[in-house]
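2 protein chains.
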Amino acid sequence: MAIGNSFDGRSSIIEVHMPNIAIIGSGAMGSAVAKRLIDHGATVLTNLDGRSERTIARAKAAGIVPVSRQELAKAELILSIVPPAEAINVAELVADISSMMPAPAPFIDLNAIAPKTMQALAARFEGSGVEVLDGAIIGGPPVPGKSGPTIYISGDSAERSRLLENYGLRVRRLDGPLGAASALKMCYAGINKGFIGLGTAMLLAASRSGAAESLKAELSESLPDFDRKLSKSIPDMYPKAYRWVAEMQEIADFLGEDDPAATIFRGMAGLFSKMADDVEDSRVLVGQLDEILAETGG
Amino acid sequence: MAIGNSFDGRSSIIEVHMPNIAIIGSGAMGSAVAKRLIDHGATVLTNLDGRSERTIARAKAAGIVPVSRQELAKAELILSIVPPAEAINVAELVADISSMMPAPAPFIDLNAIAPKTMQALAARFEGSGVEVLDGAIIGGPPVPGKSGPTIYISGDSAERSRLLENYGLRVRRLDGPLGAASALKMCYAGINKGFIGLGTAMLLAASRSGAAESLKAELSESLPDFDRKLSKSIPDMYPKAYRWVAEMQEIADFLGEDDPAATIFRGMAGLFSKMADDVEDSRVLVGQLDEILAETGG
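If you're matching them up, the sequences are chains A and B in order.
Just add 1 to the spot in the first sequence (first one is 1) and you have this note's numbering.
Just add 1 to the spot in the second sequence (first one is 1) and you have this note's numbering.
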């Protein structure tokens, strides 16, 4: 309950419902989504057992309420925002804690997983009474003053995702079955992150074959949009490369064995894996990329 | 010799040298490069034995002079502008016809081949007295009124390519050994054509998973540069897909077995091969792509 002023200026008492939304995953995206919801009046719960000090600090800074795993089940809606390789484990946790609830909360998987992975994930909930929804986040983490990212949800006939919309997130409900939002995410990431992979691969190749300077000059002249995007996106990729490995593998699985393009994304997974190792270790490749990107292209 | 008017208005006789340049390859690029040179006063020779009526007509329309294979050797400069899979055969032809010349013309390979392929190609000329130069064309065929494409030449210490510059082409000489221009071309094409491959693969995947409309809308909103480029470049790719297969394989070879990114371009070769088959046959995939690209993205 809160005291407010009604439209005609008379003081009145109005009911304010403060929903509890559980978010599993307190990475850059999970904590920023939480902050957006909190800033719009929601209470966000998460579990921080076994997480790093940095993650705990970030969650607290966002105003997230740490609770036990079992208490997550008391939320009105449970979101999963984790690296794709962890999505199934999170679903199993949610199925487990929900099994003790008389009326379990709907569960939305927002991870970058293939539609088939989404269907396998949903299968873990069969007979549980949990409504499972397929979602995908397109765009970077929410930033104050900007309306993005867009959260796509498919198969949401009961409009469970309206709660997210009411608390500050941009939501688009898609027609189509469970998996349609995941398919969209795969296609979008295949173009967007795939492009960053192409740029990374070819700038490194140019660096080792002495063509770096002429490549940068030619790009800045004949493909200036690409040049600008690579200059920003490649450095942004370094800390995320480890996470993109599984996402590229999901895209390959999504395309399927019959599609020659699946091979493209198996190669992308290998490339981002090499980058992730370099970022954690010698940073030789990072140094080469930074050097090319610093070329003025004159 | 030609009669002209000198600067002060008095009639005079000046020497005009009309060089013969041989171009092997009368495709879209070869014939447009020829036309640019001819428009600037050069005489361009080619051999049309066994070529299609369409190619012969295009060459004649450009003003190219058809000659026998042996007569190509009488040019001052010989250029190879063919699909990458044909580059070695052309080099062998040139080595063959040059072997009978006392002072054979320099030979510039302008094809999209890997630096190692370029080195293997140059090896065919060992002991022949032919100066072999590594070149690469970046940009589409020359069009009247535009200065592009750019022709990169590496290892040209004797400035053999100045002849091309004098007759209307934009030339940039690169420092670095034989293969540096080819390396630049591989890196540039890997980004530019690789991007078109990514877009093709993901639009087709979106089409078959019912995500086409939402993907197009999201692209036009959050990646408008990409959306515009794909809308233009994908239809432009259809008739060239067959040629890009070998070019993608060259990029994979260029990257080498140790680079996981080589796998990306083996997948690209498979994708463009599938597209080339479709373009020649049922045009089912072309139809799907055209349908998505026609979406207004609203």
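Built from N, CA and C at the ideal position, the CB exists for glycine as well.
When DSSP reads this structure, N193 of chain A sits in no beta bridge, so it has no partner.
Taken in chain order, the members of the stretch 252-268 of chain A whose beta-carbon sits within less than 8 Å of a beta-carbon on chain B are F255, L256, D260, P261, A262, A263, T264, I265, F266, R267 and G268. For the C-beta of S129 of chain A, not a single chain B residue is nearer than 9 Å; the gap to the nearest is close to 27 Å.
If you check the CB distance, P107 of chain B and L78 of chain B come in under 9 Å. Collapsing the DSSP output to three states places V34 of chain B in a helix.
For Y168 of chain B, no alpha helix (DSSP H) encloses it, and the DSSP letter there is neither H nor E. For L122 of chain B, the enclosing alpha helix (DSSP H) has its first and last residue at P116 to A124. Below 8 Å, enough C-beta pairs join the stretch 26-38 of chain B and the stretch 167-179 of chain B to call them touching: three or more.
For E281 of chain B, no CB of chain A lies under 9 Å from its own CB, so it is not counted at the interface with that chain.
Of B:M101, B:A262, B:N112 and B:A92, the smallest CA-CA separation from F126 of chain B is found for B:A92. Against chain B, the CB of I57 of chain A has no partner CB under 9 Å away; the residue lies outside that interface. In this chain, the beta strand (DSSP E) harbouring G136 of chain B covers V133 to I139. For the stretch 15-39 of chain B, the beta-carbon criterion of a distance under 9 Å to any beta-carbon of chain A is satisfied by none of its residues. The DSSP-derived three-state label of N48 of chain A is coil. The stretch 239-257 of chain A makes no contact with the stretch 230-250 of chain B, as fewer than three CB pairs between them are under 8 Å. Listed by position along chain A, the residues whose Cβ is nearer than 8 Å to that of Y243 of chain B form an empty set, because the closest Cβ is around 15 Å away. DSSP places I57 of chain A in the uninterrupted alpha helix (DSSP H) bounded by E54 to A62.
In the DSSP assignment, the residues bridged to N21 of chain A are A:T44. Sequence-distant Cβ neighbours of M203 of chain B in its own chain, meaning closer than 8 Å and more than five residues away, are L216. Of all residues in the stretch 102-132 of chain B, only P116 come within less than 9 Å of chain A when Cβ atoms are compared, listed by chain position.
As the crow flies, the alpha-carbon of A124 of chain B is around 56 Å from that of A121 of chain A. Residue range A213 to S223 is occupied by the alpha helix (DSSP H) that includes S215 of chain B. For K275 of chain A, the neighbours in chain B by C-beta distance under 9 Å run, in chain order, D260, P261 and A262. Under the 9 Å criterion on CB atoms, L179 of chain A is classed as non-interfacial with respect to chain B.
Following the DSSP letters along the chain, one finds D291 of chain B inside the alpha helix (DSSP H) bounded by residues V285 to L294. Two segments are said to touch when three or more pairs of C-beta atoms, one from each, lie closer than 8 Å; by this definition the stretch 221-231 of chain A does not touch the stretch 173-180 of chain A. Boundaries of the alpha helix (DSSP H) around Y243 of chain B: A242 to L256. L179 of chain B places its beta carbon less than 9 Å from that of L134 of chain B. The Cβ atoms of V68 of chain B and A23 of chain B sit closer than 9 Å to each other. Between T201 of chain A and L290 of chain A, the C-beta gap is smaller than 9 Å, which places the two residues in contact. Of the candidates A:E160, A:M30, A:V287 and A:K61, the residue whose Cα lies closest to the Cα of V144 of chain A is A:M30. Where I65 of chain B is concerned, there is no enclosing beta strand (DSSP E), because DSSP gives it neither an H nor an E. Neighbours of M203 of chain A across chain B, judged by C-beta separation under 7 Å: C188, G191 and I192.
At least one CB of chain A lies nearer than 9 Å to the CB of A184 of chain B.
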